[in-house]
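Peer 1: Here it is, the structure in full.
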Amino acid sequence: MPPAKVQPQLAASAHRVGDGAAAQPLGLPTLLAVGLLVLLAATLAPERPQDQAAICQRHNGPVACRVW
65 MPPAKVQPQL AASAHRVGDG AAAQPLGLPT LLAVGLLVLL AATLAPERPQ DQAAICQRHN
125 GPVACRVW
């Protein structure tokens with residue numbers, strides 16, 4: 065009996081590179097969460113160096129905070 069011919073086959077995968085699938089757009093809850101985080105960072109973070117120096121001196125000595 066002659067040996068059977070074996071044909072190489074590619075493994076099936078759920079996602080193929082370059083198959084033309086479009087990326088899903090971000091949902092509204094994700095955009096709202098990102099917007100909320102940006103708003104919190106903008107309102108809570110001190111913008112003046114004096115504020116940052118006061119925070120540093122509260123937790124460290126004045127010598128450690130001499131960066132300005």
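In my numbering, the protein residues as written are 65 to 132. We treat Cβ as the ideally placed atom computed from N, Cα and C, and that holds for glycine.
1) Where does L90 fall in DSSP's three states?
2) When the Cα atoms are used, what is the spatial distance from L90 to A106?
3) Alpha carbon to alpha carbon, how far is A109 from C129? Give it in angstroms, no decimals.
4) Roughly how many angstroms separate the alpha carbons of G117 and A97, rounded to a whole number?
5) Measuring straight from C-alpha to C-alpha, what distance separates V127 and L95?
Peer 2: Judging by the given coordinates:
1) Coil at L90, not helix or strand.
2) Roughly 22 Å between the two C-alpha positions.
3) Approximately 18 Å, taken between the alpha carbons.
4) The question names Gly, but residue 117 in the sequence shown is Ala. A straight-line Cα-Cα distance of about 30 Å links A117 and A97.
5) Distance between V127 and L95, taken at the CA atoms: about 42 Å.
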